[in-house]
Amino acid sequence: MKTPSLKRYAWLSIIAAILTISLKTVAYKLTGSVGLLSDAMESLVNLAGAFMALAMLTIAAKPADECHPYGHNKAEYFSSGVEGTLILVAAVSIGAAAIHRLIDQRPLEQIGIGMAVSVAASLINLITALVLLKAGRNYRSITLEANARHLMTDVWTSAGVVIGVSAAYFTGYEQLDPIVALLVAAQIVYSGVRIVKDSVIGLMDAAASPEDLKTIESILETYSEKGIAYHALRTRQAGSRLFLSLHVLVPGSWTVQHGHDLLEEMEKTIRSTMPHVTVFTHLESIDDPVCWKDADVNGFDIR
Numbered sequence: 384m385k386t387p388s389l390k391r392y393a394w395l396s397i398i399a400a401i402l403t404i405s406l407k408t409v410a411y412k413l414t415g416s417v418g419l420l421s422d423a424m425e426s427l428v429n430l431a432g433a434f435m436a437l438a439m440l441t442i443a444a445k446p447a448d449e450c451h452p453y454g455h456n457k458a459e460y461f462s463s464g465v466e467g468t469l470i471l472v473a474a475v476s477i478g479a480a481a482i483h484r485l486i487d488q489r490p491l492e493q494i495g496i497g498m499a500v501s502v503a504a505s506l507i508n509l510i511t512a513l514v515l516l517k518a519g520r521n522y523r524s525i526t527l528e529a530n531a532r533h534l535m536t537d538v539w540t541s542a543g544v545v546i547g548v549s550a551a552y553f554t555g556y557e558q559l560d561p562i563v564a565l566l567v568a569a570q571i572v573y574s575g576v577r578i579v580k581d582s583v584i585g586l587m588d589a590a591a592s593p594e595d596l597k598t599i600e601s602i603l604e605t606y607s608e609k610g611i612a613y614h615a616l617r618t619r620q621a622g623s624r625l626f627l628s629l630h631v632l633v634p635g636s637w638t639v640q641h642g643h644d645l646l647e648e649m650e651k652t653i654r655s656t657m658p659h660v661t662v663f664t665h666l667e668s669i670d671d672p673v674c675w676k677d678a679d680v681n682g683f684d685i686r
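Residue numbers (this note's numbering): 384 to 686.
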């Protein structure tokens, strides 16, 4: 089954970012709150990340070619890595603005209207994040998941800003506004580091998730019960695609055609259960001791 284009989700993120930037900027202008300013600055990062996601999803969707025989799926890791870096840059900017406001305090104004506008922007982010998170999990897109996690962080930090600004207004302790902004910056740093870490792990050819590996092994066990063995099982995650290779050992008395038919059946079973997997198999004789010497290729073996 062909995976539908994910670019429409990137466009949804772009539209949501433009709307929230506009609303949060209005909220900042109305109140003069540095906390709301930090919120608006993070939405600028959302917009930059959304455009990067659109570009990388476009590249990732390209079919395999002579120069990229395994496809372009890894392009998604660049998108999430850039977004994570932008988040860290935004955190530094927010922290600087908050420290400046602690030194140069200003009274807050029109809190009611400003808070209403900020809440409206947060609702837009929340709905968009939920849509992106569901799509990211359904289509195994690290780009959409990273974008969704960032937007959810934005929602929670916006809630913190609203609480901080309201507390500053009603208590008269205006330092609460920049203090909350500093806490927002710290939370954004955590989110950014996590996203960058996931991107680096992906670029280093991480193995399949425990859940995927369990599914693969359960399929292979059905053949093991029939006297078929396997070893040298290795996996490599590349964006939304998972590459799987293994050696299948069958009785030496089998014909090549018989063994080939078995491999075709195994590959078809795996692909039907896990459409995102590309399978490579190698046929060997279970009766030949030499075939067992490559069971721990590269010093490890899962089976």
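A virtual CB, placed ideally from N, CA and C, is assigned to each residue, including glycine.
Checklist entry - Start and end of the alpha helix (DSSP H) containing L413? => result For L413, the enclosing alpha helix (DSSP H) has its first and last residue at 390-414.
Checklist entry - Is it the case that the Cβ atoms of A433 and A393 are separated by a distance below 8 Å? => result Remark: C-beta atoms of A433 and A393 approach each other more closely than 8 Å.
Checklist entry - Would you say the stretch 614-626 touches the stretch 556-571, given that touching needs at least three Cβ pairs under 8 Å? => result The stretch 614-626 is not in contact with the stretch 556-571.
Next on the checklist: So, for S476: in the same chain, excluding its five sequence neighbours on each side, which residues have a beta-carbon less than 7 Å away from its beta-carbon?
Outcome noted: Taken in chain order, the residues that qualify are M424.
Item to check | Simplified DSSP assignment, three categories, for N681 | outcome: Confidence at N681 is low in this model, with a pLDDT of 48, below 50, so the placement of that residue is unreliable and no value is reported for it.
Checklist entry - Would you say E466 and N521 are within 8 Å of each other, going by their C-beta atoms? => result It is not a contact, given that the beta carbons lie outside the stated cut-off.
Checklist entry - To which residues of the same chain is I540 closer than 6 Å at the C-beta, ignoring the five residues directly before and after it? => result One detail in the question is off: residue 540 reads as Thr in this sequence, not Ile. Once the five neighbours on either side are set aside, the close Cβ partners of T540 are V567, Q570.
Checklist entry - Can you give the beta carbon distance from P561 to A481, rounded, assuming they're within the 8 Å contact cut? => result Sure, about 4 Å apart at Cβ, within 8 Å.
Next on the checklist: Going by C-alpha to C-alpha distance, which of H659, L437, L395 sits closest to S463?
Outcome noted: L437 is the residue among H659, L437, L395 whose C-alpha sits nearest the C-alpha of S463.
Checklist entry - How close, in whole Å, do the beta carbons of M439 and T526 come, if the pair is a contact with beta carbons under 8 Å? => result M439 to T526, Cβ: 6 Å. Contact.
Checklist entry - Which of helix, strand or coil does DSSP assign to H326? => result Since the first residue of the chain shown is 384 and the last is 686, residue 326 is not available in this structure.
Next on the checklist: Taking DSSP's pairing of strands, which residues face V633 in a bridge?
Outcome noted: S668.
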